[in-house]
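In order, the protein sequences belong to chains L and G.
Here the first sequence stands for residues 1 to 149, where the numbers follow my numbering.
Here the second sequence stands for residues 150 to 298, where the numbers follow my numbering.
Glycine residues also receive a C-beta, built at the ideal position from the N, C-alpha and C atoms.
Take a look at the structure below.
2 protein chains.
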Amino acid sequence: MQLTIDWVVGFVDGEGCFHVGITEHPDMRTGYQVLPEFTVVQHERDLQILYALKRFFGFGVVRKNHAERYAYRVRKLEHLVQLCEFFLRHPLKTRKNVDFRKFRRIVLMMNEGRHLTREGLAEIVKLAASMNSAQRPCLEAIKARLAAG
Amino acid sequence: MQLTIDWVVGFVDGEGCFHVGITEHPDMRTGYQVLPEFTVVQHERDLQILYALKRFFGFGVVRKNHAERYAYRVRKLEHLVQLCEFFLRHPLKTRKNVDFRKFRRIVLMMNEGRHLTREGLAEIVKLAASMNSAQRPCLEAIKARLAAG
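Below, the structure written as structure tokens:
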């Protein structure tokens with residue numbers, strides 16, 4: 001199956017998710033690990049679409065998600081940088097683009113190693129907490145802890 | 150906002166819904182009314198996308214759905230015929246295309262008035278019951294009633 005640029009943008013406008021996980025990690029200098037990921041989840045009957053996305057981008061993996069659902073997932077930083085270049089050149093049309101721009105800022109900061117500093121991390125947590133229009137109380141707690149110093 | 154054909158196909162692959170409602174209606178010759186509709190539902194923050202779809206197709210309405218969600222909706226038969234021509238020329242890439250093809254058969258049958266005959270209606274109910282991979286017990290009941298008599 002051949003995907004076109006515009007089809008991919010439209011499909012990701014509907015089904016894509018830009019997410020930045022932040023978890024405690026005692027081995028990291030800041031005490032926290034930043035885990036940005038891009039996913040597209042589909043029922044297993046559309047597994048072929050996920051593999052077509054993987055071929056289209058030339059990176060990422062397809063993994064079982066839960067129940068009968070599978071995900072196309074990109075986690076490697078160098079691949080996320082390439083993914084962000086794609087969606088910068090071919091912008092999403094829904095409000096998901098607002099999340100994407102925050103996601104991209106975080107990815108670029110990480111690419112410069114700024115997530116390894118306390119100041120950089122604080123900025124990333126603030127950006128991540130404002131994404132996906134979801135309340136994330138754990139991020140608010142991390143924000144407060146970083147602000148308290 | 151300008152939408153391209155491929156973006157619309159990709160977005161509908163993700164967010165579009167082809168549905169055929171069948172309800173009892175004593176005024177109809179067969180006793181049932183067939184109500185095919187195409188919808189795309191979005192959170193109100195993406196209301197502009199629904200209006201862009203309406204402009205793109207040149208028909209349909211945008212209506213409040215429930216809570217903070219809005220729908221772009223096409224119900225008029227002549228417009229559904231045009232919509233089906235579009236997705237025949239520009240096929241969906243997900244399994245939603247299977248539902249679309251059944252939807253299109255129903256729309257074309259209705260365009261020939263075949264939903265007004267008992268035989269046509271029975272065929273439509275059978276097609277509708279096999280769509281959207283959902284169990285619809287009420288359609289199974291109508292199928293049984295039409296078969297019985």
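With a 10 Å radius around its C-beta and 16 neighbouring C-beta atoms as the bar for buried, classify residue i as buried or exposed.
i      : result
G:M150 : exposed
L:E15  : buried
G:D248 : buried
G:Q191 : buried
L:C138 : exposed
L:D46  : buried
G:A220 : buried
L:P36  : buried
L:T94  : buried
L:G10  : buried
G:L295 : buried
Quick check on the DSSP output: the alpha helix (DSSP H) that includes residue i runs from which residue to which?
i      : result
L:L83  : 77–89
G:G163 : 154–164
L:K54  : 47–57
L:K143 : 137–148
Is residue i helix, strand or coil when you go by DSSP?
i      : result
G:N214 : strand
L:H115 : helix
L:P26  : coil
G:R222 : strand
L:E21  : It should be noted that the sequence gives Gly, not Glu, for residue 21 of chain L. Strand.
L:G151 : Residue 151 of chain L lies beyond the range of chain L shown here (1 to 149); nothing can be said about it.
L:R95  : coil
L:M109 : helix
Note down the Cα distance separating residue i from residue j, rounded to an integer number of angstroms.
i      : j      : result
G:D155 : L:K54  : 19 Å
G:F208 : G:N214 : 18 Å
G:V211 : G:V189 : 9 Å
G:C166 : L:D27  : 47 Å
G:A201 : L:V74  : 30 Å
L:V8   : G:L152 : 13 Å
L:N97  : G:L270 : 44 Å
L:F57  : G:M259 : 42 Å
L:A144 : L:S130 : 14 Å
G:I171 : G:I291 : 9 Å
G:I255 : G:Q182 : 13 Å
L:K76  : G:N281 : 35 Å
L:L108 : G:E227 : 50 Å
L:F86  : L:I124 : 22 Å
Return the first residue and the last residue of the beta strand (DSSP E) that residue i is part of.
i      : result
G:Q191 : 181–192
Quick one: is the Cβ of residue i within less than 8 Å of any heavy atom of the ligand ATP?
i      : result
G:N281 : Although the ligand ATP was asked about, the structure shown includes no ligands whatsoever.
Exercise. Please name the residues in the region 240–261 of chain G whose beta-carbon is closer than 7 Å to at least one beta-carbon of chain L, in chain order.
Key: Listed in sequence order: K242, T243, R244.
Self-check item: Under 8 Å (Cβ pairs) to chain G, residues found in the region 54–82 of chain L
Solution: Contact residues of the region 54–82 of chain L toward chain G are absent (C-beta to C-beta distance below 8 Å).
Quiz prompt | Cβ-based contacts, 9 Å cut-off: residues of the region 153–170 of chain G near chain L | solution = So the close ones are T153, I154, D155, W156, V157, V158, G159, F160, V161, D162, G163, E164, G165.
Quiz item: Quick one, which residues of the region 273–296 of chain G are near chain L if we go by CB-CB under 7 Å, in chain order?
Solution: Listed in sequence order: no entries.
Practice problem: Identify each residue in the region 183–205 of chain G for which the Cβ-Cβ distance to at least one residue of chain L is less than 7 Å, and report them in chain order. | Solution: Those residues of the region 183–205 of chain G that come within reach of chain L (Cβ to Cβ, closer than 7 Å) are R194, D195, I198.
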